[in-house]
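A.B. asks: Okay, handing you the structure first.
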Amino acid sequence: MFDSGGGPSLESPANHADAPLRPNPVAVAPPHGFAGFRDDELAPAGAMTLDQRLAATERSILEDALRRHNGNRSAAGRELGVSPRMMNYRLNRAGIQS
Numbered sequence: 000m001f002d003s004g005g006g007p008s009l010e011s012p013a014n015h016a017d018a019p020l021r022p023n024p025v026a027v028a029p030p031h032g033f034a035g036f037r038d039d040e041l042a043p044a045g046a047m048t049l050d051q052r053l054a055a056t057e058r059s060i061l062e063d064a065l066r067r068h069n070g071n072r073s074a075a076g077r078e079l080g081v082s083p084r085m086m087n088y089r090l091n092r093a094g095i096q097s
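Numbering of the sequence shown is given in numbering that gives the first Met the number 0, commencing with residue 0 and proceeding in unit increments.
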């Protein structure tokens, strides 16, 4: 790239062989209880899939909200910020009868 010498180069420092390596600024720790298996490995027997874990988490949230509101679907839905129609859909999908 052409550099007129009048300021910083527009070329990325990553293109320079002598550019210092910087650590990745975004380091994400594995979630609590992460089994550590790779994508190409099968999950251990009894491990839940992502869809199963999400469904179980949603069910728990719905049940807790209903418990706090003595089974009142409308009040629980308001607390969770969902419309009555969405609340009924989610409860039915989770198999929760109140």
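Ideal Cβ placement from N, Cα and C applies to all residues, glycine included. These numbers come from a predicted model, not from an experiment.
Just curious, the alpha helix (DSSP H) that Thr48 is in, first and last residue?
C.D. replies: Looking at the DSSP string, Thr48 is not in any alpha helix (DSSP H), and its letter there is neither H nor E.
A.B. asks: Over what stretch of residues does the alpha helix (DSSP H) that includes Asn91 continue unbroken?
C.D. replies: Where Asn91 is concerned, the enclosing alpha helix (DSSP H) stretches over 83-93.
A.B. asks: For Gly70, is the classification buried or exposed, using 16 other Cβ atoms within 10 angstroms of its Cβ as the cut-off for buried?
C.D. replies: By the neighbour-count rule (16 or more Cβ atoms within 10 Å), Gly70 is not buried but exposed.
A.B. asks: Please list the terminal residues of the continuous alpha helix (DSSP H) segment that includes Gly80.
C.D. replies: Run containing Gly80: none; DSSP gives neither H nor E here.
A.B. asks: What residue from Ala46, Met47, Ala54, Thr48 has the CA that sits closest to Asn91's CA?
C.D. replies: For the residues Ala46, Met47, Ala54, Thr48, the minimum Cα distance to Asn91 belongs to Ala54.
A.B. asks: By the 10 Å Cβ neighbour count, where 16 or more other Cβ atoms means buried, how is Leu49 classified, buried or exposed?
C.D. replies: Counting Cβ neighbours within 10 Å, Leu49 comes out exposed, since fewer than 16 surround it.
A.B. asks: In whole angstroms, what is the alpha-carbon distance linking Glu62 and Ala75?
C.D. replies: Approximately 9 Å, taken between the alpha carbons.
A.B. asks: Using the rule of at least 16 other Cβ atoms within 10 Å of the residue's Cβ for burial, across every protein chain shown, is Ala46 buried or exposed?
C.D. replies: Per the 10 Å Cβ criterion, exposed.
A.B. asks: So for Ser97, helix, strand or coil by DSSP?
C.D. replies: It is coil, neither helix nor strand.
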